[in-house]
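Student: Going down the list, the sequences are from chains X and D. In terms of my numbering, the first sequence has 204 at position 204, counting the first letter as 1, and numbering is strictly consecutive. In terms of my numbering, the second sequence has 299 at position 40, counting the first letter as 1, and numbering is strictly consecutive. Below: one structure in structure tokens.
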Amino acid sequence: MLRLVNFAHGAFYTVGAYVGLVVAERFGLLAGIVAAPLAVALLAVLLDRLLLRRFYDKDPTAQILVTFGIAIVIEETLRLIFTGTTLTYPVPAWVSAPLNLGFIQYPTYRVVFALAIVLLIVAVWAFIERTDYGLIVRAGVRDRTMVQLLGGNVQLASTVIFALGSGIAGLVGAAASPIYSVDPGKGFEFLVPSFVVVVIGGLGSFWGAVLGGLIVGELQSVTTLVLPPASGVIIYLAMALVLLVRPQGLLGESEVIRG
Amino acid sequence: MSRELRFYGLTTLGLVLFPFLFHAIGGYPGLATQILLVGIGSIGFNLLLGYAGLLSYGQAAFYGLGSYVALLTVSRFFAHAPNFWLAVLLAVAYVTLNALIVGFLVVRLYGIYFALLTLAFAQMLFFLVFQWRDLTGGDDGLQGITAPPLPLGFTSIDLTGTFPPLDLGPLGNLSDVHYWYAFAALVVLLVLAFVRTLNRSQFGEVLAAIRENEERSTFVGFDPKRYKLAAFVIAGALTGLSGALRGLYETSTAIDSLSVDTSGNFVIYTVVGGVKTLFGPLLGTGLIMYLQNVISAKTDAWRLIEGLVFVAVIVFLPGGVLGSFKRKRARKLLAGALRAAPPAHASADSPRRAEEAS
């Protein structure tokens with residue numbers, strides 16, 4: 001949305017996971033899940049104000065480089081604090097029992113997680129597409145100068161969106177940790193597939209990202225079943241194909257190609 | 260002519276002195292060799308990032324592929340008659356072919372899409388090599404493959420041999436330096452000369468024109484894709500050469516050589532040293548690899564420090580260490596020119612000229 005390419009997004013996910021972990025150990029999982037996005041959003045606003053602001057009007061290459069550097073710094077700071085060992089969250093008792101869905105037994109936490117994600121998607125969509133503030137954001141993406149002339153505060157809007165996006169990464173980091181484990185390198189593992197998702201769906205397209213996520217998830221699970229050795233390659237193959245045939249992504253608008 | 264002489268003379272002098280001065284600041288000669296070998300890849304990468312303005316995030320593909328092909332040539336394909344030149348030649352040829360195919364596809368994209376597609380190809384190769392255990396050893400990599408001696412027509416040299424002993428005081432001993440270093444230095448000199456010639460040719464000028472304004476370069480009648488493809492292939496070949504030589508030097512290679520981290524390292528080396536400068540990438544490679552070795556012996560935080568250095572360079576020295584140094588010099592020259600020339604002319608013309616000089 002911001003046309004800011006963020007290589008530090010994965011690091012935000014990891015920060016969220018660790019903040020969630022620390023808070024959850026003291027005050028329970030729910031507190032952790034609330035604290036993580038707030039902390040990450042705060043971190044994002046700080047970074048945005050202090051550093052990223054200078055790179056908004058530079059070329060994407062400079063943005064990639066600076067966020068890549070930030071990602072390294074965050075990852076290594078986490079490694080110093082928490083050491084490199086893998087940590088796991090205990091799944092709280094009330095959601096740890098398997099849930100009988102009639103046709104299949106499934107861990108309750110995963111079901112809650114999936115439902116929460118759907119809720120989150122709807123909430124973000126409603127914010128961007130249905131509120132007045134979302135309108136300023138969308139207009140700001142299209143024509144920055146015009147929105148500013150009309151009195152919209154694009155600077156503030158971009159900070160808000162950046163904080164929102166980062167906060168979500170933090171939230172997912174905290175919420176997903178009982179399912180996946182946490183280690184400082186998790187960010188990069190999470191980052192690369194998330195790029196694939198966004199590129200397949202279309203940069204800057206909300207439903208594109210959702211569609212891309214579903215496609216990547218499906219591709220990966222189906223290939224794992226059918227041809228396990230190819231499961232690592234398949235999503236990149238899909239991404240390469242999409243980039244070559246339709247560089248703007250499946251649901252992206254063509255004008256963004258030149259980024 | 261004197262400029263040529265100065266370039267070759269000073270570069271040679273620098274390369275000869277490097278391992279000894281390096282010893283004085285706590286580096287060991289083997290590290291000096293590694294820096295030069297990896298530096299070849301950085302110099303090639305700069306052709307893309309600095310001169311063509313293309314951020315490839317998949318250089319590891321060419322680097323790793325080069326090391327695998329070179330070692331497999333020695334241990335598998337031509338195990339009955341291993342030959343140093345053949346290993347390097349096959350590796351570079353194979354990498355070049357790959358770069359041609361990948362390049363043909365990626366040069367149609369810009370900015371982030373270019374970076375991501377190169378990353379995607381590198382990741383694909385990573386998983387392929389990882390899965391193809393029979394040939395590549397999977398996550399064990401290839402190990403203990405001794406490089407054959409370097410044939411020179413009339414004789415052949417075992418590169419692991421050392422120079423005769425000669426005490427040099429604080430600069431160490433001449434016998435600390437292996438023939439490998441001399442060989443690496445020679446290759447680096449040739450690569451530097453090649454890239455320098457390339458940048459000064461029409462090809463280099465068109466590449467710069469495309470970087471600054473692709474549309475305009477098209478209107479003037481150049482096909483940007485062809486130039487970008489050429490830059491991509493040359494950069495790939497040099498990175499492959501770097502990987503092949505490093506693999507032969509280390510007598511091993513690992514799946515790490517194909518990882519995102521390796522791609523990122525080339526980016527860090529080049530940016531820290533200075534994009535758009537000839538010696539910058541080599542300098543950056545040396546600086547970071549030296550820091551890594553010296554600091555990692557003392558603290559676990561070296562990668563944090565590396566990250567901080569990287570961010571600091573991007574924010575405060577966008578031209579890299581060497582680029583900023585040159586800009587300062589250019590600014591001084593400009594200030595001198597402004598004082599000498601009548602102000603009306605100076606304001607219109609000189610800044611651009613100074614910028615070019617840098």
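Think of the CB as a built atom: it goes at the ideal place given N, C-alpha and C, for glycine as much as any other residue.
1. Provide the residue(s) that pair with residue 257 of chain D in DSSP beta bridges, ordered along the chain.
2. To which residues of the same chain is residue 308 of chain D closer than 6 Å at the C-beta, ignoring the five residues directly before and after it?
3. How about the segment 262 to 279 of chain D and the segment 501 to 519 of chain D: do they share at least three Cβ pairs that are nearer than 8 Å?
4. Under DSSP, the alpha helix (DSSP H) around residue 231 of chain X begins and ends at which residues?
5. Pick out whichever of X:251, X:35, X:155 and X:213 has its Cα sitting closest to the Cα of residue 133 of chain X.
6. Starting from residue 247 of chain X, find everything on chain D with Cβ-Cβ shorter than 8 Å and list it in chain order.
7. In chain order, what residues of the segment 8 to 42 of chain X put their CB closer than 7 Å to some CB of chain D?
8. Check whether the Cβ of residue 2 of chain X lies closer than 8 Å to any Cβ atom in chain D.
9. For residue 262 of chain D and residue 148 of chain X, what's the separation of their Cα atoms in angstroms?
10. State the DSSP-derived secondary structure class of residue 544 of chain D, mapped to helix, strand or coil.
11. Just curious, the alpha helix (DSSP H) that residue 573 of chain D is in, first and last residue?
12. Counting only runs of 4+ residues fully inside the segment 136 to 215 of chain X, write out the alpha helix (DSSP H) ranges in chain order.
13. Is the beta carbon of residue 322 of chain D less than 8 Å from the beta carbon of residue 374 of chain D?
14. Starting from the C-beta of residue 236 of chain X, find all residues in its chain whose C-beta is less than 8 Å away, skip the five residues before and the five after it, and write them out in chain order.
15. Mark residue 81 of chain X as exposed unless 16 or more other C-beta atoms lie within 10 angstroms of its C-beta, in which case mark it buried.
16. Is residue 449 of chain D helix, strand or coil when you go by DSSP?
17. So, at 7 Å on beta carbons, what are the nonlocal neighbours of residue 409 of chain D in its own chain, with the 5 sequence-adjacent residues on each side left out?
18. Given this structure, state the Cα-to-Cα distance separating residue 18 of chain X from residue 475 of chain D, to the nearest angstrom.
19. Consult DSSP for residue 339 of chain D and reduce its assignment to one of helix, strand or coil.
20. Compare the C-beta of residue 255 of chain X against all C-beta atoms of chain D and say whether one is closer than 8 Å.
21. Whose C-beta lies closer than 8 Å to the C-beta of residue 283 of chain D among residues of the same chain, with five residues either side of it excluded?
22. Would you list, in sequence order, the uninterrupted alpha helix (DSSP H) runs of no fewer than 4 residues that lie entirely inside the segment 339 to 397 of chain D?
23. Would you mind working out which of X:191, X:242 and X:27 sits nearest residue 12 of chain X, comparing C-alpha positions?
24. If the cut is a Cβ gap below 7 Å, which residues of chain X does residue 464 of chain D touch?
25. Which residues bound the alpha helix (DSSP H) around residue 282 of chain D?
26. If I measure Cβ to Cβ from residue 286 of chain D and keep anything under 6 Å in the same chain, skipping five residues before and after, which residues do I get?
27. Below 8 Å on the Cβ atoms is my contact criterion, and I expect residue 337 of chain D with residue 345 of chain D to pass it. Report the Cβ-Cβ distance as a whole number of Å.
28. Going along the chain, which residues of its own chain have a beta-carbon closer than 8 Å to the beta-carbon of residue 493 of chain D, five neighbours each way excluded?
Tutor: Let me lay it out:
1. Coverage of chain D is limited to positions 260 through 617, which leaves residue 257 of chain D absent and any answer about it impossible.
2. For the purposes of this step, residue 308 of chain D is taken as the residue at position 49 of the second sequence. Only residues of its own chain outside the window of five on either side were considered, and among them 314, 529 and 534 have a CB closer than 6 Å to the CB of residue 308 of chain D, listed in chain order.
3. Touching, no, given that fewer than three Cβ pairs across the two stretches are closer than 8 Å.
4. Locating residue 231 of chain X in the first sequence gives position 231, counting from the first residue. According to the DSSP assignment, residue 231 of chain X belongs to the alpha helix (DSSP H) that extends over 231 to 245.
5. Working through the first sequence from its first residue, we reach residue 133 of chain X at position 133. The shortest C-alpha separation from residue 133 of chain X is found at X:155.
6. As a position in the first sequence, residue 247 of chain X is number 247, starting the count at 1. Those within 8 Å of residue 247 of chain X in chain D are 367, 368 and 372.
7. Those would be none; no residue qualifies.
8. On the first sequence, position 2 is the one that residue 2 of chain X refers to. Legend: pLDDT at residue 2 of chain X = 48, less than 50; position of this residue unreliable, value from coordinates given subsequently. So no, residue 2 of chain X is outside the interface.
9. On the second sequence, residue 262 of chain D is found 3 positions in, with the first residue counted as 1. On the first sequence, residue 148 of chain X is found 148 positions in, with the first residue counted as 1. If you take the alpha carbons of residue 262 of chain D and residue 148 of chain X, they lie about 53 Å apart.
10. Here residue 544 of chain D corresponds to residue number 285 of the second sequence, with the count starting at 1. The answer is helix: DSSP assigns residue 544 of chain D an H, G or I state.
11. Locating residue 573 of chain D in the second sequence gives position 314, counting from the first residue. Per DSSP, residue 573 of chain D belongs to the alpha helix (DSSP H) from 561 to 575.
12. Within the segment 136 to 215 of chain X, the complete alpha helix (DSSP H) runs of at least 4 residues are 144 to 149, 154 to 176 and 186 to 201.
13. Position 63 of the second sequence, counting from 1, holds the residue named residue 322 of chain D. Position 115 of the second sequence, counting from 1, holds the residue named residue 374 of chain D. With contacts defined as CB atoms closer than 8 Å, residue 322 of chain D and residue 374 of chain D fail to qualify as a contacting pair.
14. Indexing the first sequence from 1 puts residue 236 of chain X at position 236. Excluding positions up to five away in sequence, the list reads 196.
15. Translated into positions along the first sequence, residue 81 of chain X becomes position 81. With fewer than 16 neighbouring CB atoms inside 10 Å of its own CB, residue 81 of chain X falls in the exposed class.
16. Counting from one through the second sequence, the residue named residue 449 of chain D turns up at place 190. Here residue 449 of chain D sits in helix by DSSP.
17. Along the second sequence, one-based indexing puts residue 409 of chain D at 150. Taken in chain order, the residues that qualify are 343, 415, 416, 418 and 442.
18. The residue you call residue 18 of chain X lines up with position 18 of the first sequence. The residue you call residue 475 of chain D lines up with position 216 of the second sequence. Take the alpha-carbon of residue 18 of chain X and the one of residue 475 of chain D: they are about 49 Å apart.
19. Reading the second sequence from its first residue, position 80 is the one you call residue 339 of chain D. If DSSP states are grouped into helix, strand and coil, residue 339 of chain D belongs with coil.
20. Along the first sequence, one-based indexing puts residue 255 of chain X at 255. Per-residue confidence for residue 255 of chain X stands at a pLDDT of 45, beneath the threshold of 50, marking its modelled position as unreliable; no derived number is given.
21. Working through the second sequence from its first residue, we reach residue 283 of chain D at position 24. These residues qualify, in order along the chain: 429, 430 and 431.
22. Listed in chain order, they are 343 to 365, 370 to 390 and 392 to 395.
23. Working through the first sequence from its first residue, we reach residue 12 of chain X at position 12. The option with the nearest alpha carbon to residue 12 of chain X is X:191.
24. Residue mapping note: residue 464 of chain D aligns to position 205 of the second sequence, counting from 1. Those within 7 Å of residue 464 of chain D in chain X number zero; the least Cβ separation is about 21 Å.
25. If you number the second sequence from 1, residue 282 of chain D lands on position 23. For residue 282 of chain D, the enclosing alpha helix (DSSP H) stretches over residues 261 to 283.
26. Within the second sequence, numbered from 1, the residue matching residue 286 of chain D stands at position 27. A distance below 6 Å between beta-carbons, with the five flanking residues on each side excluded, links residue 286 of chain D to the following residues of its chain, in chain order: 549.
27. Position 78 of the second sequence, counted from the first residue, corresponds to residue 337 of chain D. Position 86 of the second sequence, counted from the first residue, corresponds to residue 345 of chain D. The C-beta distance from residue 337 of chain D to residue 345 of chain D rounds to 6 Å, short enough to fall under 8 Å.
28. Here the question's residue 493 of chain D lines up with position 234 in the second sequence. Within its own chain, the residues whose Cβ lies closer than 8 Å to the Cβ of residue 493 of chain D, once the five positions on either side in sequence are excluded, are 303, 306 and 457, listed in chain order.
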